[in-house]
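Before any comments, here is the structure.
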Amino acid sequence: MPEEKKSGEMELDIKKIKIGMPHFIAILSIIVLAFFYIFFGFIGVKIILGVFFLYFLPFYFILGRFSLGMDERLVFSLFIGIVVVPTLVFYFGSVLNSLRLSIAATFVLLVMAAVALRWGDLTELLNFKK
Amino acid sequence: MPEEWKKAEILALAALFLFAVWMWTLPIQKLPMPYGEVDSAHHYGLAEYMASNDIVTDKYPFFMYYRYGLDNAVMPGHTAYAPHFFVNEAIAMSFGGDEVKSYFIFLSILDTLIILSSFFLIKKLFGFWPAFLSSLLIAFSRIEILTHLMGQYVVLISFAATPLVFYCYYKYTESHLGKKPRFIYLVLMAFMLAVQFTNHTQAIFNTLIVLVLFNIFLIVKERKLPFDTKHALIAILIFFIILGPFVQKAFQAQIQLGETYTGPDVSKGLGNLFRWYGEGYQQIAVGSDIFSYGAMHALWTLPLLLLGMIFVFIRRKNKDLLLLSWIVGLYMLFHLDLFTGGTMKIFSASRLFRSISDVPHIFYPLAAIGMLSIASFIPLSKKLASYAKYALIGIFILLVIFMTAPVSFRMLDQAYPIPARMNPYQYEAAMWMRQNIPEETFLINYGTLTQQAKRFTRDVAQRHIIEDPDGITFIQDTFGVKNLTISYVIVDYSDLVLLSRNYNTKPDIERLQQFENATLGNAQLVYDKNYVKVYKVA
């Protein structure tokens, strides 16, 4: 009997496990990636990762400069990407004469803009400032 | 205002969005060949031209010039609209690799973005359940599925930004009326308007009418201007800076389209005031079903829509006024021709018809609010009211699943069987033509059964394939090409052979063989594979 009680104490109580928002988002991201892989293969995964890194992430960081809610940043980042990314790619394209190079140049420019706008937050995060 | 997001709510939204992407990609999952009506081949063709040639352009290549080259009155040979949609799709094709799948997967993501934007607006203003129920209906919206299938993708993307424009303006006016104006929302609104403008200008008309009405309602209610004029002017300036040179081109192209339009006006008689759509629309639409409430929205939503309208009209909070402005604005837009006395051709049926895609975005939130408002019309204890609310939610979901979803699902599941879209044999032949036939060459197609397959063959091949002998006259008359030389002739048996499994196509195959023998006996056969032949004739 004591052994049973002991093993009972070691059982995992699912109800007591709390998943924080970062972990929740990470799990959700894995589900989304799995969804695109299952139904569309690597093509789907590449597209969704491309959308995430080019259309979403830079603008999410840039919008962090302003006092907006996380939900607002999430939604507006994606929609801003839909108009800003092709605009920049188009302008770069007329100079570089290459779609792929223009995509790369746009990504670099957006990352630079995000870093410039959030430099203070980044240095604080990395503890550069004492 | 309900602002908190629970994890279960995020999960529900993610599940709904992924389900919609899966369902809206059914046509390409079943057969990975491009599909769509009329100009959808043009959208696909220009994006693929950029991706496969590693260039970025808004200039029509040879194979498109003699079809669309004069659509832009200001800059002939260039696209009539801003190039953003094509560039976005070309980027997706670069990422994904497989052009057809990449194009349609990304397209489905873009076309279903309305689920996210509508959910966001309604959740922030009215809470989770109205947002979830209305977005569930939007996922099965037959008007939008038809638009998605037929190829007016740009309209869907443009209208997907509409709820976000309204959200920004609502938040700004609330902050301004609360004496703490938050200009950032007007900046975001300028970006959302740019999303609308660069994809399809039609949504801008809708948005502006709704915003004017919303301002009027707020001025009457609050007895002061709901915005700062300086803020508004700066936001307009930002909008024009984002658009840059594209704004002038797009406006000019719109005016050109309005001036050259010769179809019917929307409505003349005052009786049309009592109809949601005027009479003129019936003459231009591809099918009258699109104007039928029952066929497009399912009749069970009608009483809920009316109830929702009554509820927001009685309550008249600012957020209710926003929804009222939206539905009244849309009604006014559908009757603009009547209100302007038919003097402005840009407001004629062919233009205003595009706004039909915006109808579900206001009908469905109102229907969801109407459903949930039922409990508030009956005096119940707090506990009973809570039970009633969940019972109503359950009934709504069941009605969507059993009354709306099956038809919508079938529309996608059974869309574009061969020969309504390209078959793999035609695709393979088109790719061969792209690699082996000089770019500035005219070809003519015999045997491909449908306009859709012919146009996609042209755009996959990236060679100007004339659909039929009338096409030669069109190019000669419209573009003044006097000496048009057909260099290659396609004789395509593949549709007829594939159809022969279910139908007797033998007489048609024999007729095509007779034509081939009689006219191409001395021509050089350069491609002969999978029932598709290409002859060099000049």
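Protein chains in written order, with my numbering: chain B, 1 to 130; chain V, 131 to 668.
All C-beta atoms, glycine included, are put in the ideal place defined by N, C-alpha and C.
Computed from a predicted structure; not experimentally measured.
Contact between the region 420–432 of chain V and the region 451–466 of chain V is not established, with fewer than three Cβ pairs separated by less than 8 Å.
When C-beta distances to chain B are compared with 7 Å, the residues of the region 316–332 of chain V below that value are 318, 321, 322, 324, 325, 328, in chain order. Residue-level contact check: residue 152 (chain V) touches chain B, since one or more beta carbons of chain B fall below 8 Å from its beta carbon. According to DSSP, residue pairing for residue 419 (chain V) in a beta bridge does not occur. In this structure residue 259 (chain V) is buried. Its beta-carbon is surrounded by 16 or more other beta-carbon atoms within 10 angstroms. Take residue 76 (chain B), set aside five residues on each side of it, and the residues of its chain with a beta-carbon closer than 7 Å to its own are 63, in chain order.
With a threshold of 16 other beta carbon atoms within 10 Å, residue 636 (chain V) falls short and is exposed. Under the 10 Å beta carbon count, residue 584 (chain V) is surrounded by 16 or more other beta carbons and is classified as buried.
Here the region 491–505 of chain V lies against the region 245–264 of chain V, with 3 or more beta-carbon pairs under 8 Å apart. Collapsing the DSSP output to three states places residue 195 (chain V) in a helix. Contact of residue 108 (chain B) with chain V is not assigned, every C-beta pair being separated by 8 Å or more.
Look at residue 136 (chain V): its C-beta is not under 8 Å from any C-beta on chain B. If you check the CB distance, residue 560 (chain V) and residue 587 (chain V) come in under 8 Å. Residues of chain B whose Cβ lies closer than 9 Å to the Cβ of residue 294 (chain V) are, in chain order, 75, 76, 79. In the displayed model, residue 330 (chain V) falls within coil according to three-state DSSP, outside both helix and strand. Close to residue 226 (chain V), with beta-carbon spacing below 7 Å, are these residues of chain B in chain order: 43, 46, 47. Against residue 232 (chain V), the close residues of chain B are 43, 47, in the order they occur along the chain (beta-carbon pairs closer than 7 Å). Of the residues B:21, B:48, B:29, B:121, the one whose Cα lies closest to the Cα of residue 219 (chain V) is B:48. Residue 443 (chain V) carries a helical assignment under DSSP once its states are collapsed to helix, strand and coil. Counting only residues of its own chain and dropping the five nearest sequence neighbours on each side, residue 574 (chain V) has a CB closer than 6 Å to the CB of 596, 616, 619.
Of all residues in the region 201–224 of chain V, only 213, 214, 217, 218, 220, 221, 222, 224 place a beta-carbon less than 7 Å from a beta-carbon of chain B. Among the residues facing chain B, residue 501 (chain V) is not included, as its CB has no counterpart in that chain under 8 Å away.
By the neighbour-count criterion, in which a residue is buried when 16 or more other Cβ atoms sit within 10 angstroms of its Cβ, residue 493 (chain V) is buried. Taking CB atoms only, residue 51 (chain B) has a neighbour in chain V less than 8 Å away. The three-state reading of DSSP puts residue 575 (chain V) in strand, counting E and B together.
About 7 Å separates the CB atoms of residue 87 (chain B) and residue 214 (chain V); that is less than 8 Å, so the two are in contact. Residues of the region 259–288 of chain V with a C-beta atom less than 8 Å from some C-beta of chain B are 287, listed in chain order.
Linking residue 557 (chain V) to residue 227 (chain V) through their CA atoms gives a straight-line distance of about 17 Å. According to the DSSP assignment, residue 594 (chain V) belongs to the beta strand (DSSP E) that extends over 594–596. Boundaries of the beta strand (DSSP E) harbouring residue 618 (chain V): 616–622, taken from the DSSP string.
CA-to-CA, the gap between residue 334 (chain V) and residue 641 (chain V) works out to about 51 Å. Counting along the chain, residue 537 (chain V) sits inside the alpha helix (DSSP H) bounded by residues 535–543. In the DSSP assignment, residue 644 (chain V) falls within the alpha helix (DSSP H) that extends over 636–649.
Under the Cβ criterion of 8 Å, residue 62 (chain B) is not counted among the residues facing chain V. Residue contact with chain B for residue 184 (chain V): present (Cβ-Cβ distance below 8 Å to some residue of chain B). Neighbours of residue 117 (chain B) in chain V, taken as residues whose beta carbon is under 8 Å from its own, are absent, since the nearest beta carbon is some 14 Å off.
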